[in-house]
Structures are given as C-alpha cells and as structure tokens.
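Comments concern the structure below.
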Amino acid sequence: MSKGQVHLVRLLIGAGKASPSPPVGPALGARGVKSMDFCKEFNARTAHIEPGVPIPTMIHVQPDRTFTFITKTPPTTYLLKQVAGLEKGPARPGHEILGTISLKHVYEIAKIKARDDHLKHLKLESIASTVIGTARTLGLQVVP
4 MSKGQVHLVR LLIGAGKASP SPPVGPALGA RGVKSMDFCK EFNARTAHIE
54 PGVPIPTMIH VQPDRTFTFI TKTPPTTYLL KQVAGLEKGP ARPGHEILGT
104 ISLKHVYEIA KIKARDDHLK HLKLESIAST VIGTARTLGL QVVP
C-alpha cells in the first residue's frame with residue numbers, strides 16, 4: 004500500500020452476513036485493515052435489513068489503516084427478481100420474456116433506489132426509466 008493514498012474497496016456483501024472469510028477478509032487484509040472490525044460494524048449497520056440481501060459497499064481505507072464505509076441500496080436486478088419471483092435472468096437478455104411486473108412495482112423500486120447518494124439529483128421518472136430498462140434486459144415486461 005503506497006503512502007498517503009486513500010484506497011477504495013468495493014464489495015457486494017449480504018446484509019448481516021459479513022465475515023472475515025472471502026471476499027471481505029482478503030480484500031481488506033491486503034490493505035492492512037482488521038476485517039473483524041469491519042464485519043462487526045457492517046453487521047450492526049445492516050441489522051435492520053433482511054439477512055442475506057446483497058448490499059453494495061464502498062470502503063475507504065486511509066493510509067493509517069483506518070476505514071470508513073458507505074452502504075447503498077440493493078442492486079436493481081436483485082429487487083426486480085424479488086418482485087417477479089425469478090431465480091435467475093434469461094439466457095439471452097432482451098430476447099426472452101420471463102414474466103411481467105406492474106408500473107407500480109417499478110416506481111416502488113425507483114423510490115428505494117432514489118435514497119442512494121449518487122441518484123439523489125435525478126427525478127423519480129428518470130430513475131424509473133432506468134429500472135424499466137433493467138427489467139427489459141432481465142426478461143420482464145412492464146405493464147401499466
């Protein structure tokens with residue numbers, strides 16, 4: 004780890020299920036951070052979320068080996084699969100229709116995603132249109 008540089012580690016971790024085993028342990032251990040400290044803090048911060056829901060996490064590791072982290076909302080594909088009851092996406096994205104979801108579901112997902120810091124400046128309609136695009140690639144048809 005070079006001196007004076009803040010390292011960014013991006014991980015997708017199940018809510019309340021962080022443990023020092025891969026992928027958390029090796030990613031943080033390589034940067035000199037005690038992974039157990041991160042796991043305890045992450046699990047405490049995600050205790051209110053249903054266990055196992057994937058949470059994108061950005062960890063900023065300082066040169067003195069301290070860290071701060073930001074948790075985001077679950078990925079759009081995860082939320083869409085939950086709503087539609089799908090196990091996995093299509094073999095040929097954009098060509099197969101695996102199910103349908105309503106516009107109400109799209110707006111509910113857009114409201115959840117609007118809580119992310121990097122999407123706060125966008126209108127709800129813009130976020131909903133990206134959710135519709137993601138739904139199409141997942142093989143979901145949006146009906147009014």
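Just add 3 to wherever you are in the sequence shown, counting from 1, and you've got my numbering.
Backbone N, C-alpha and C define an ideal beta-carbon position, used for all residues, glycine too.
- Within the same chain, and ignoring the five residues on either side of PHE72 in sequence, the residues whose Cβ sits closer than 6 Å to its Cβ are THR60 and ILE62.
- Residue environment for PRO77: buried (at least 16 other C-beta atoms within 10 angstroms of its C-beta).
- Rounded to the nearest whole angstrom, the C-alpha separation of ASP40 and ALA50 is 16 Å.
- In the three-state DSSP reduction, ARG34 falls in the coil class, being neither helix nor strand.
- Excluding its 5 nearest sequence neighbours in each direction, LEU141 has C-beta neighbours in its own chain below 8 Å: THR80, LEU83, LYS84, ALA87, LEU89, GLY92, PRO93, PRO96 and LEU101, listed in chain order.
- Excluding five sequence positions before and after GLY19, the CB atoms of its chain that fall closer than 8 Å to its own CB belong to ASN46, THR49, ALA50, ILE52, PRO54 and GLY55, given in chain order.
- Excluding its 5 nearest sequence neighbours in each direction, PHE70 has C-beta neighbours in its own chain below 7 Å: VAL36, PHE41, ILE62, HIS63 and VAL64, listed in chain order.
- In the three-state DSSP reduction, HIS98 falls in the coil class, being neither helix nor strand.
- With contacts defined by Cβ atoms closer than 9 Å, LYS43 and ILE58 do not form a contacting pair.
- Judged by DSSP in its simplified three-state form, HIS108 adopts helix.
- C-alpha of ARG139 to C-alpha of ILE104: approximately 10 Å in a straight line.
- In the DSSP secondary-structure assignment, LEU141 is not bridged to any residue.
- The three-state secondary structure of ARG48, taken from DSSP, is helix.
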